[in-house]
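This report refers to the structure that appears directly beneath it.
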Amino acid sequence: MYLTLKLKKNFDYSHQIEIGKSIFSHTREVIENEFNPDKCIIITDENVFKIYKQKIKKELTGNSKHFHIYVIPADEKSKSQKTRDFLENEITKLRLSRDSMLIAIGGGVVGDITGFLASTLLRGIKYINVPTTIIAQVDSSIGGKTAINTKYAKNLIGTFHYPSFVLIDTDFLQTLDMDEYLNGISEIIKTSLVGLENTFSFLEKNYKSVLEKNENVLLKLIKDCVSFKSKIVMIDPTEKNWRKILNFGHTVGHALESLSGYRIKHGFAIAEGMITESYIAFVTNGLSEVDLLRIQYLIDILNLDKKFRRKISFNKAYDKMLYDKKKIGNSLTFSLIKKIGLCSFNNKVNKHIIELAYRH
Ligand code: ADP
Ligand code: ZN
Numbered sequence: 001m002y003l004t005l006k007l008k009k010n011f012d013y014s015h016q017i018e019i020g021k022s023i024f025s026h027t028r029e030v031i032e033n034e035f036n037p038d039k040c041i042i043i044t045d046e047n048v049f050k051i052y053k054q055k056i057k058k059e060l061t062g063n064s065k066h067f068h069i070y071v072i073p074a075d076e077k078s079k080s081q082k083t084r085d086f087l088e089n090e091i092t093k094l095r096l097s098r099d100s101m102l103i104a105i106g107g108g109v110v111g112d113i114t115g116f117l118a119s120t121l122l123r124g125i126k127y128i129n130v131p132t133t134i135i136a137q138v139d140s141s142i143g144g145k146t147a148i149n150t151k152y153a154k155n156l157i158g159t160f161h162y163p164s165f166v167l168i169d170t171d172f173l174q175t176l177d178m179d180e181y182l183n184g185i186s187e188i189i190k191t192s193l194v195g196l197e198n199t200f201s202f203l204e205k206n207y208k209s210v211l212e213k214n215e216n217v218l219l220k221l222i223k224d225c226v227s228f229k230s231k232i233v234m235i236d237p238t239e240k241n242w243r244k245i246l247n248f249g250h251t252v253g254h255a256l257e258s259l260s261g262y263r264i265k266h267g268f269a270i271a272e273g274m275i276t277e278s279y280i281a282f283v284t285n286g287l288s289e290v291d292l293l294r295i296q297y298l299i300d301i302l303n304l305d306k307k308f309r310r311k312i313s314f315n316k317a318y319d320k321m322l323y324d325k326k327k328i329g330n331s332l333t334f335s336l337i338k339k340i341g342l343c344s345f346n347n348k349v350n351k352h353i354i355e356l357a358y359r360h
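In my numbering, the protein residues as written are 1 to 360.
Laid out in C-alpha cells, this is it:
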C-alpha cells in the first residue's frame with residue numbers, strides 16, 4: 001500500500017528587523033509586548049560580555065529570574081559540536097518549554113550557533129538576534145541560515161531557521177577593533193557592488209568617515225545593506241537563484257580564507273576575492289575598466305587588500321575552489337558583476353581566465 005502525505009510548507013517566517021542608534025533597550029520591550037516568553041536564554045561570548053555586561057543588565061535583564069545567560073569563548077572554535085552539546089545540556093536542564101526563547105547577543109559565531117540551537121531545541125523555538133559586528137549586522141543575521149562547524153568543514157551542519165526579531169544597534173560597532181571593523185566594511189563593499197550603485201559612490205566619497213567610524217555614515221550603510229539583503233532573501237530564501245549574487249568575491253575568497261587556515265579574516269579574504277573576480281568580470285562579463293579601477297582603488301584606500309594571494313600558488317587556490325564547490329573538471333561558476341551595482345549569477349568561467357585574473 002502507498003499513501004501520499006501532501007505537506008506543502010506554509011509557515012509564515014515573517015519577522016521585523018529594527019535598525020538604529022542606541023536602541024538596545026527596545027529588545028526588552030519587544031520581548032514583553034510581543035512574545036511574553038516563560039524563559040529567556042541569552043547566549044553571548046566572552047568579549048562581548050566583558051564590554052556589555054552592565055548594559056545587558058541595565059537595559060535587558062534587570063534582576064529578572066526569567067533570564068539565564070551563557071557566555072561562550074570568543075572564537076570560531078565555539079561554533080562546534082562540543083559547544084553545541086554543552087549548551088544543549090545546560091539549556092535543557094532549565095526545563096524550557098515551547099514558550100521559552102533564545103537571544104543571541106554577539107557576532108556571527110554567537111548568532112549562528114544560537115539560531116542552530118533554536119531550530120532544534122524542542123524541534124524549534126523562537127529566537128531573537130542582536131548582532132554586534134558589522135558582518136553579523138549586514139549579513140549573517142539576515143536570512144535565517146544557522147550553522148555549526150565539524151572538524152572537517154565549516155558551516156556544513158545547519159538549518160534555515162528564521163529569528164522572530166532582529167535588533168541592529170549600530171552603537172555596538174564602536175567597540176570593534178579595527179581589524180574586525182574593516183573585515184565588516186568589506187562585506188558592505190560587496191553588497192554595494194552587487195546591488196547598490198549609490199552606496200558604492202557614497203563609500204567612495206566618505207571613505208575617511210568610514211575609517212573614523214562616523215556614526216551617521218555607519219547607520220546609513222547598515223540600513224542600505226540590510227534593506228538590500230532582506231529584499232534578496234524575500235525573492236530567493238533558499239539560494240536557488242538571486243541570493244547567489246551575494247556570493248560575489250566568495251569563490252576565490254573562501255579558498256584563500258581556508259588556505260590560510262582561517263588566519264586571515266573572512267572580510268580580508270573576500271576583498272582579495274572581489275579584486276580577482278572583478279578582473280574576471282572585466283574579461284568575461286562586460287565590467288568596464290573604469291569600474292574595475294574604482295573597485296581596486298576603494299579596496300586599497302580602506303586597507304583591505306593584504307595581498308595574501310601572492311603567497312598562494314594559483315594551482316593550490318584553484319584546487320581549493322573546485323573542492324569547495326565539489327566540482328571536477330575545468331570550469332567553475334561565479335557570481336559576477338556587470339557594472340558597479342549589478343550582478344549576474346551562474347557564470348561559467350574557464351580555468352585559464354581565472355588564472356589570468358588571479359595572477360593579475
Ligand atoms: P563575525 O561576526 O565577524 O563573523 P565573530 O562572532 O567571531 O565574527 O566576532 C568576531 C570578534 O569580535 C569576536 O572576538 C567577538 O567577541 C568580537 N566582538 C563581537 N561584537 C563585538 C563588539 N560589539 N565589540 C567588540 N568586540 C566584539
Ligand atoms: Zn561573506
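Just so it is clear, CB atoms sit at the ideal spot from N, CA and C, and this is done for glycine as well. Remember, it's a predicted structure, so these values are computed and weren't measured experimentally.
CB contact below 9 Å: I134 versus chain D: Among the chains in the structure shown there is no chain D, since it carries only a single protein chain.
Bridge-paired residues (DSSP) for F160: To locate residue 160, count along the sequence shown from 1; it is residue 160. K145, per the DSSP bridge assignment.
Where E215 falls: helix, strand or coil (DSSP): If you number the sequence shown from 1, residue 215 lands on position 215. Three-state DSSP puts E215 in a helix.
Nearest-angstrom beta carbon gap, L167 and E18 [assumed within contact, 8 Å]: Walking along the sequence shown from the start, residue 18 turns up at place 18. Walking along the sequence shown from the start, residue 167 turns up at place 167. That belief holds up - the Cβ atoms of E18 and L167 are roughly 5 Å apart, short of 8 Å.
Distance cut-off 8 Å: V110 Cβ against heavy atoms of ligand 1: Along the sequence shown, one-based indexing puts residue 110 at 110. Yes; taking the cut-off as 8 Å, the Cβ of V110 has a heavy atom of ligand 1 nearer than that.
Cβ distance (whole Å) where D291 is taken to contact K339 below 8 Å: By one-based count along the sequence shown, residue 291 stands at place 291. By one-based count along the sequence shown, residue 339 stands at place 339. Sure, about 6 Å apart at Cβ, within 8 Å.
With 16 other Cβ atoms within 10 Å as the buried cut-off, status of L361: In the structure as shown, the chain starts at 1 and stops at 360, and residue 361 therefore has no counterpart that could be examined.
Unbroken alpha helix (DSSP H) run spanning N347, endpoints: Here residue 347 corresponds to residue number 347 of the sequence shown, with the count starting at 1. Boundaries for N347: no alpha helix (DSSP H) harbours it, while the beta strand (DSSP E) harbouring it runs L342 to N350, taken from the DSSP string.
Closest by C-alpha distance to S119, when choosing among K77, L221 and G158: By 1-based counting over the sequence shown, the position of residue 119 is 119. The option with the nearest alpha carbon to S119 is G158.
Cβ-heavy atom distance, I299 to ligand 1, below 8 Å: Position 299 of the sequence shown, counting from 1, holds the residue named residue 299. Not under cutoff, so the answer is no.
Alpha carbon of K154 to alpha carbon of H254, nearest angstrom: Start at 1 with the first residue of the sequence shown, and residue 154 comes out as number 154. Start at 1 with the first residue of the sequence shown, and residue 254 comes out as number 254. Rounded to whole angstroms, K154 to H254 spans 11 Å at the Cα level.
Length-filtered (4 minimum) alpha helix (DSSP H) runs lying within the segment 279-339: 289-301 and 314-324
Reference T238; option with closest CA among I142, D171 and P37: Translated into the one-based positions of the sequence shown, residue 238 becomes position 238. Taking only the C-alpha atoms, the option nearest T238 is I142.
Segment limits, beta strand (DSSP E) that includes E18: Counting from one through the sequence shown, the residue named residue 18 turns up at place 18. Where E18 is concerned, the enclosing beta strand (DSSP E) stretches over Q16 to G20.
As assigned by DSSP and simplified to three states, the class of L3: Numbered from 1 along the sequence shown, position 3 holds the residue referred to as residue 3. Correct three-state label for L3: coil.
Reference H266, options N89, N36 and E187, closest by Cα: Residue mapping note: residue 266 aligns to position 266 of the sequence shown, counting from 1. Nearest C-alpha to H266: E187.
Buried or exposed (CB count within 10 angstroms, at least 16 for buried), G108: Residue 108 sits at position 108 when you count from the first residue of the sequence shown. Answer is buried; the Cβ neighbour count reaches 16.
Presumed contact (8 Å Cβ cut-off) between L221 and T251, rounded CB distance: Mapped onto the sequence shown, residue 221 falls at position 221. Mapped onto the sequence shown, residue 251 falls at position 251. So it is not a contact: roughly 25 Å between Cβ atoms.
Alpha-carbon spacing of P131 relative to A104, whole angstroms: Taking the first residue of the sequence shown as position 1, residue 131 is located at position 131. Taking the first residue of the sequence shown as position 1, residue 104 is located at position 104. Cα to Cα, P131 sits roughly 7 Å from A104.
Near ligand 1: A136 beta-carbon under 8 Å from a heavy atom: Here residue 136 refers to the residue found at position 136 of the sequence shown. Yes, since a heavy atom of ligand 1 falls inside the 8 Å radius drawn around the Cβ of A136.
Rounded distance between the beta-carbons of K320 and S260, thought under 8 Å: In the sequence shown, counting from the first residue as 1, residue 260 sits at position 260. In the sequence shown, counting from the first residue as 1, residue 320 sits at position 320. The pair is not a contact, with the Cβ atoms about 11 Å apart (cut-off 8 Å).
Contact between the segment 223-243 and the segment 177-186 (3+ Cβ pairs under 8 Å): no
Under the three-state DSSP convention, the category F202 falls into: Counting from one through the sequence shown, the residue named residue 202 turns up at place 202. Of the three classes helix, strand and coil, the one that applies to F202 here is helix, per DSSP.
Alpha-carbon to alpha-carbon, N149 and N183: In the sequence shown, counting from the first residue as 1, residue 183 sits at position 183. In the sequence shown, counting from the first residue as 1, residue 149 sits at position 149. So the two alpha carbons sit approximately 21 Å from each other.
Nearest-angstrom Cα separation, counted from S25 out to V110: Position 110 of the sequence shown, counting from 1, holds the residue named residue 110. Position 25 of the sequence shown, counting from 1, holds the residue named residue 25. Rounded to the nearest angstrom, the two C-alpha atoms are 19 Å apart.
Spatial distance of H360 from S209 (CA atoms): Within the sequence shown, the letter at position 360 stands for residue 360. Within the sequence shown, the letter at position 209 stands for residue 209. When rounded, the distance between both Cα atoms is 30 Å.
Beta-carbon contacts of S288 that lie in its chain and below 8 Å, excluding the five residues immediately before and after: Along the sequence shown, read from residue 1 onward, the residue named residue 288 stands at position 288. Apart from the 5 residues on each side of it in sequence, S288 sits with its Cβ closer than 8 Å to the Cβ of F282 and K339 in its chain, given in chain order.
Sequence-distant residues of its chain with Cβ nearer than 6 Å to I354 (five each side left out): Locating residue 354 in the sequence shown gives position 354, where the first residue counts as 1. Nothing listed; no residue qualifies.
Cβ pair T114, L96 closer than 9 Å: Residue numbering aside, residue 114 sits at position 114 when the sequence shown is read from its first letter. Residue numbering aside, residue 96 sits at position 96 when the sequence shown is read from its first letter. Taking 9 Å as the Cβ cut-off, T114 and L96 do not qualify as a contacting pair.
Straight-line Cα distance separating S14 from L117: By 1-based counting over the sequence shown, the position of residue 117 is 117. By 1-based counting over the sequence shown, the position of residue 14 is 14. Near 20 Å, if we compare the C-alpha coordinates of S14 and L117.
Beta carbon of L256 nearer than 9 Å to that of G273: For this step, residue 256 is matched to residue 256 along the sequence shown. For this step, residue 273 is matched to residue 273 along the sequence shown. Yes, they are a contact pair.
Assumed close pair N347, T284 - CB separation to whole angstroms, cut-off 8 Å: One-based indexing of the sequence shown puts residue 347 at position 347. One-based indexing of the sequence shown puts residue 284 at position 284. About 7 Å separates the Cβ atoms of N347 and T284, confirming a contact at the 8 Å cut-off.
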